[in-house]
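Q: Take this structure first; my questions come after.
Number of protein chains: 2
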Amino acid sequence: MEWQTFIEHQPFLEHVPPGLRKATECRKAVAGEMLFRVGNPVRSLFCVATGEVQLVRHDLRGTKIILQRSRGGFIAEASLGSKAYHCDGVVSETGMLLCFPLAAFRAALEEDAPFRNVWMGLLAREVRKLRAQCERLSLNGAAERVIHYIESEGIHDAITLNQSRKAWASELGLSHEVLYRTLKRLGEQGLLRIDGSRISLVRESNDGDGAREPTASKQRT
Amino acid sequence: MEWQTFIEHQPFLEHVPPGLRKATECRKAVAGEMLFRVGNPVRSLFCVATGEVQLVRHDLRGTKIILQRSRGGFIAEASLGSKAYHCDGVVSETGMLLCFPLAAFRAALEEDAPFRNVWMGLLAREVRKLRAQCERLSLNGAAERVIHYIESEGIHDAITLNQSRKAWASELGLSHEVLYRTLKRLGEQGLLRIDGSRISLVRESNDGDGAREPTASKQRT
DNA sequence: CGTACTTTTGAATCGCATCAAATCTGGTGG
DNA sequence: CCACCAGATTTGATGCGATTCAAAAGTACG
Numbered sequence: 006m007e008w009q010t011f012i013e014h015q016p017f018l019e020h021v022p023p024g025l026r027k028a029t030e031c032r033k034a035v036a037g038e039m040l041f042r043v044g045n046p047v048r049s050l051f052c053v054a055t056g057e058v059q060l061v062r063h064d065l066r067g068t069k070i071i072l073q074r075s076r077g078g079f080i081a082e083a084s085l086g087s088k089a090y091h092c093d094g095v096v097s098e099t100g101m102l103l104c105f106p107l108a109a110f111r112a113a114l115e116e117d118a119p120f121r122n123v124w125m126g127l128l129a130r131e132v133r134k135l136r137a138q139c140e141r142l143s144l145n146g147a148a149e150r151v152i153h154y155i156e157s158e159g160i161h162d163a164i165t166l167n168q169s170r171k172a173w174a175s176e177l178g179l180s181h182e183v184l185y186r187t188l189k190r191l192g193e194q195g196l197l198r199i200d201g202s203r204i205s206l207v208r209e210s211n212d213g214d215g216a217r218e219p220t221a222s223k224q225r226t
Numbered sequence: 006m007e008w009q010t011f012i013e014h015q016p017f018l019e020h021v022p023p024g025l026r027k028a029t030e031c032r033k034a035v036a037g038e039m040l041f042r043v044g045n046p047v048r049s050l051f052c053v054a055t056g057e058v059q060l061v062r063h064d065l066r067g068t069k070i071i072l073q074r075s076r077g078g079f080i081a082e083a084s085l086g087s088k089a090y091h092c093d094g095v096v097s098e099t100g101m102l103l104c105f106p107l108a109a110f111r112a113a114l115e116e117d118a119p120f121r122n123v124w125m126g127l128l129a130r131e132v133r134k135l136r137a138q139c140e141r142l143s144l145n146g147a148a149e150r151v152i153h154y155i156e157s158e159g160i161h162d163a164i165t166l167n168q169s170r171k172a173w174a175s176e177l178g179l180s181h182e183v184l185y186r187t188l189k190r191l192g193e194q195g196l197l198r199i200d201g202s203r204i205s206l207v208r209e210s211n212d213g214d215g216a217r218e219p220t221a222s223k224q225r226t
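Chains as they are written, first to last, in my numbering: chain U, 6 to 226; chain Z, 6 to 226.
Next up, the structure:
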């Protein structure tokens with residue numbers, strides 16, 4: 006498969022300098038495969054062209070916690086700065102992978118200013134995204150988390166889910182049952198419009214129709 | 006005040022190139038002061054030499070959410086990559102501040118390779134730290150969050166709190182009452198040793214003393 | 001010495017997690 | 001094409017733990 010194909014999906018790949026491109030391996034990754042495990046030395050940086058890769062950790066009782074979910078874009082960018090991985094990297098959906106050798110990647114950052122700036126921009130974006138997720142997780146209330154998610158991850162107050170609702174629930178730090186119930190309730194209250202995997206926020210215009218709760222909080226039957 | 010003084014507290018400042026040093030303003034920041042507000046254009050990068058600065062946001066009902074808390078080190082590093090601030094920056098404890106003009110900072114990154122590498126290392130560290138916090142917040146159980154905090158933020162399973170417990174509670178996504186009770190309970194169970202602001206984890210050696218719960222989970226009276 | 005804030009404990013309530021079970025879905029192989 | 005299976009979706013019932021409201025005691029600071 007050609008770089009040109011990938012660039013269409015991931016515009017930032019356009020900035021990868023020729024030297025690094027030649028050193029990059031491009032391969033298929035099958036669902037279930039482990040890219041790396043906790044403690045493994047960092048040898049490559051991975052970019053998910055298609056499919057999905059997750060950064061996961063397991064707590065004491067074996068519960069899986071998803072730390073990052075990448076569908077297009079880098080996975081474990083921060084591993085560039087450390088010797089060994091802090092999490093497991095598992096392929097959750099079959100797709101194509103770009104494997105950048107660590108040394109070549111570092112060299113490219115050193116030599117190529119535009120590429121470097123794109124990279125620093127990606128890191129900064131990741132930081133902001135993570136801060137938003139922390140903010141979301143510190144909200145106590147299922148409805149508030151759902152709405153916060155749509156507001157911060159969506160475009161024009163609407164999202165198209167690219168994962169199952171069950172997986173979304175765990176990203177929101179909720180049990181899947183509560184997420185289902187919350188979506189239903191918000192839908193019935195007219196605060197949310199749900200068409201399959203398309204979910205959008207309905208902003209109340211605050212004029213007519215006085216039979217509504219003040220805002221997305223403390224909804225009761 | 007002199008750079009040499011700051012470098013003792015923040016070793017990475019040693020790598021700030023001379024050109025950038027000359028352009029940097031150094032001033033006192035008084036508790037309560039707002040460094041910037043949501044939407045303000047980014048003009049400087051701030052480094053907290055002493056005192057404390059917080060990155061905060063407010064939800065719909067005015068509840069304060071702390072997104073970052075910096076005591077020594079940069080605050081809002083990710084703002085380097087965006088036009089405007091996404092949060093408010095408030096001084097929570099009086100101290101000294103280094104204000105790097107944005108343009109000069111960018112230029113230094115461009116020209117000075119060692120400085121740039123230190124900076125990218127800081128960004129990567131921030132990403133890992135934020136991932137750890139997300140992991141922590143997605144644990145459901147006060148005791149588990151406390152223990153996770155000590156394990157990931159502490160040194161040798163021990164931390165010295167540099168903030169009030171009330172503030173810690175909000176960082177953990179808990180009400181302060183629950184944190185107090187949880188600490189007390191864990192202390193009584195011998196899982197935690199608490200000396201004022203010094204809190205350390207007691208690892209059970211799993212040999213003698215059979216009167217203990219399996220691990221840090223599901224503690225009951 | 002007084003004020004503001006943190007720390008601490010108590011009691012009541014609410015919402016989420018959990019267990020259970022039924023239905024629906026997409027995909028596989030016969 | 002259909003039977004079948006695994007996983008996702010949906011709904012119900014229950015208990016626990018966190019939030020919340022309340023109030024008292026401790027502590028820092030001017």
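Glycine residues also receive a C-beta, built at the ideal position from the N, C-alpha and C atoms.
1) Whose Cβ in chain Z lies nearer than 7 Å to the Cβ of Arg62 (chain U)?
2) Classify Ser143 (chain U) as helix, strand or coil using the three-state DSSP reduction.
3) Output the distance between the C-alpha atoms of Leu188 (chain U) and Arg121 (chain U), rounded to the nearest integer angstrom.
4) Say whether chain U places a C-beta atom closer than 8 Å to the C-beta of Glu82 (chain Z).
5) Which residues in chain U sit within 7 Å of Arg5 (chain Z), going by Cβ to Cβ distance?
6) So, are the CB atoms of Val58 (chain U) and Val96 (chain U) less than 8 Å apart?
7) Distance check for Thr10 (chain Z) and Arg74 (chain U), CA to CA, integer angstroms please.
8) Between Arg208 (chain Z) and Ala163 (chain Z), how many whole angstroms is the CB-CB distance? I'm expecting something under 8 Å.
9) Please tell me whether Pro119 (chain Z) and Ala28 (chain Z) are closer than 8 Å, where the distance is taken between their beta carbons.
10) Is Ala25 (chain U) close to chain Z, meaning its C-beta is less than 8 Å from at least one C-beta of that chain?
11) Where does the unbroken beta strand (DSSP E) through Gly100 (chain Z) begin, and where does it stop?
12) On the DSSP letters alone, give me the boundaries of the alpha helix (DSSP H) that Thr10 (chain U) sits inside.
13) Going straight from the alpha carbon of Glu13 (chain U) to that of Leu206 (chain U), what length do you get?
14) If I'm right that Leu128 (chain Z) touches Val132 (chain U) with Cβ under 8 Å, what's the distance once you round it to whole angstroms?
15) Between Ala112 (chain Z) and the ligand SAH, is the CB less than 7 Å from at least one heavy atom?
16) Looking at C-alpha atoms only, which residue of Z:Leu114, Z:Leu135, Z:Ala148 and Z:Leu197 is the closest neighbour of Leu184 (chain Z)?
17) Confirm, please, whether the CB-CB distance from Ala54 (chain U) to Gly100 (chain U) is below 8 Å.
18) Alpha helix (DSSP H) containing Leu188 (chain U): first to last residue?
19) Taking only beta-carbon atoms, is Leu72 (chain U) less than 8 Å away from chain Z?
20) Scan the region 177-199 of chain Z for residues whose Cβ lies nearer than 8 Å to a Cβ of chain U and list them as they occur along the chain.
21) Taking the C-alpha atoms as reference points, what is the distance between Glu19 (chain Z) and Cys52 (chain Z)?
22) Taking the alpha-carbon positions, what's the Ala89 (chain U) to Ile80 (chain Z) distance?
23) Which of the residues in the region 117-131 of chain Z, read from start to end, lie with their CB under 9 Å from any CB of chain U?
24) Less than 7 Å between C-beta atoms, sequence neighbours within five positions excluded: which residues of the same chain meet that for Glu82 (chain U)?
A: On the basis of the supplied data:
1) Here residue 62 (chain U) refers to the residue found at position 57 when the first sequence is read from its first residue. Simply Glu140.
2) Along the first sequence, one-based indexing puts residue 143 (chain U) at 138. Ser143 (chain U) falls in the coil class under three-state DSSP.
3) For the purposes of this step, residue 188 (chain U) is taken as the residue at position 183 of the first sequence. For the purposes of this step, residue 121 (chain U) is taken as the residue at position 116 of the first sequence. Their Cα atoms are separated by approximately 42 Å.
4) As a working note, residue 82 (chain Z) is residue 77 in the second sequence. Cβ-Cβ to chain U under 8 Å: yes for Glu82 (chain Z).
5) Coverage of chain Z is limited to positions 6 through 226, which leaves residue 5 (chain Z) absent and any answer about it impossible.
6) Counting from one through the first sequence, the residue named residue 58 (chain U) turns up at place 53. Counting from one through the first sequence, the residue named residue 96 (chain U) turns up at place 91. Contact flag set, yes.
7) For the purposes of this step, residue 74 (chain U) is taken as residue 69 along the first sequence, with counting starting at 1. For the purposes of this step, residue 10 (chain Z) is taken as residue 5 along the second sequence, with counting starting at 1. If I take the Cα positions, the gap works out to 42 Å.
8) Locating residue 208 (chain Z) in the second sequence gives position 203, counting from the first residue. Locating residue 163 (chain Z) in the second sequence gives position 158, counting from the first residue. That pair is no contact at about 11 Å.
9) Numbered from its first residue, the second sequence carries residue 119 (chain Z) at position 114. Numbered from its first residue, the second sequence carries residue 28 (chain Z) at position 23. No, they are not a contact pair.
10) Start at 1 with the first residue of the first sequence, and residue 25 (chain U) comes out as number 20. Rather than Ala, the amino acid found at residue 25 (chain U) in this sequence is Leu. With 8 Å as the cut-off, Leu25 (chain U) does not count as an interface residue toward chain Z.
11) Along the second sequence, read from residue 1 onward, the residue named residue 100 (chain Z) stands at position 95. Note, Gly100 (chain Z): beta strand (DSSP E), Gly100 to Pro106.
12) Working through the first sequence from its first residue, we reach residue 10 (chain U) at position 5. Here the alpha helix (DSSP H) through Thr10 (chain U) covers Trp8 to His14.
13) The sequence position of residue 13 (chain U) within the first sequence is 8, counting from 1. The sequence position of residue 206 (chain U) within the first sequence is 201, counting from 1. Each residue's Cα considered, the two are about 30 Å apart.
14) Here residue 128 (chain Z) refers to the residue found at position 123 of the second sequence. Here residue 132 (chain U) refers to the residue found at position 127 of the first sequence. The Cβ separation is near 7 Å, so the contact holds.
15) Among the components of this structure there are no ligands whatsoever, and the ligand SAH is therefore not found.
16) The count along the second sequence starts at 1 and reaches residue 184 (chain Z) at position 179. Closest option to Leu184 (chain Z), Cα to Cα, is Z:Ala148.
17) Walking along the first sequence from the start, residue 100 (chain U) turns up at place 95. Walking along the first sequence from the start, residue 54 (chain U) turns up at place 49. Against a cut-off of 8 Å, the Cβ pair of Ala54 (chain U) and Gly100 (chain U) comes out as a contact.
18) Stepping through the first sequence from its first residue, residue 188 (chain U) is reached at position 183. Looking at the DSSP string, the run of the alpha helix (DSSP H) that includes Leu188 (chain U) is His181 to Glu193.
19) Stepping through the first sequence from its first residue, residue 72 (chain U) is reached at position 67. Yes, its Cβ sits closer than 8 Å to a Cβ of chain Z.
20) Gly178
21) Taking the second sequence and counting its residues from 1, the one referred to as residue 19 (chain Z) is at position 14. Taking the second sequence and counting its residues from 1, the one referred to as residue 52 (chain Z) is at position 47. In a straight line, the C-alpha of Glu19 (chain Z) is about 13 Å away from that of Cys52 (chain Z).
22) Along the first sequence, read from residue 1 onward, the residue named residue 89 (chain U) stands at position 84. Along the second sequence, read from residue 1 onward, the residue named residue 80 (chain Z) stands at position 75. CA-to-CA, the gap between Ala89 (chain U) and Ile80 (chain Z) works out to about 26 Å.
23) Ala118, Arg121, Asn122, Trp124, Met125, Gly126, Leu127, Leu128, Ala129, Arg130 and Glu131
24) Taking the first residue of the first sequence as position 1, residue 82 (chain U) is located at position 77. Contacts found: Leu127, Leu128 and Glu131.
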